[in-house]
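Numbering (the numbering used here), first residue to last: 15 to 97. Yeah, the Cβ is synthetic: ideal placement off N, Cα and C, and Gly gets one too. Notes for the one structure printed next.
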């Protein structure tokens, strides 16, 4: 799926339950195998609630866009209620 395609981008949401199930399975498999697991992408920068979900799932690192680093960190630290 090309999330940048104007024709189909509206169909994509990384917070979709099916995507989260797949990510949960991948994170769980990596943790059970003792492997490092991180994610790179736009989702955690655009959706702090998704970054929180990833953190709660036990992901070890998340990449963020420079302009979203501080607000997302504050949100994840519970210092900001509404990102």
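Closest by CA to residue i, which one among the options?
i, options, result
"residue 49", "35, 23, 72 and 24", "72"
"residue 76", "56, 92 and 88", "56"
"residue 66", "86, 82 and 47", "86"
"residue 69", "47, 38, 32 and 84", "38"
"residue 64", "25, 19, 33 and 24", "33"
Considering only the beta carbon of each residue, do residue i and residue j sit closer than 8 Å?
i, j, result
"residue 51", "residue 28", "no"
Under the assumption that residue i contacts residue j (Cβ atoms under 8 Å), give the Cβ distance between them as a whole number of angstroms.
i, j, result
"residue 78", "residue 59", "5 Å"
Under the rule that 16 or more other beta-carbon atoms within 10 Å means buried, what is residue i, buried or exposed?
i, result
"residue 80", "exposed"
"residue 143", "A question about residue 143 goes unanswered here, because the residues of the chain that appear run from 15 up to 97."
"residue 53", "buried"
- Query: Where are the beta strand (DSSP E) runs, 3 residues long or more, that stay fully inside the region 23-65, in chain order?
  - Reply: none
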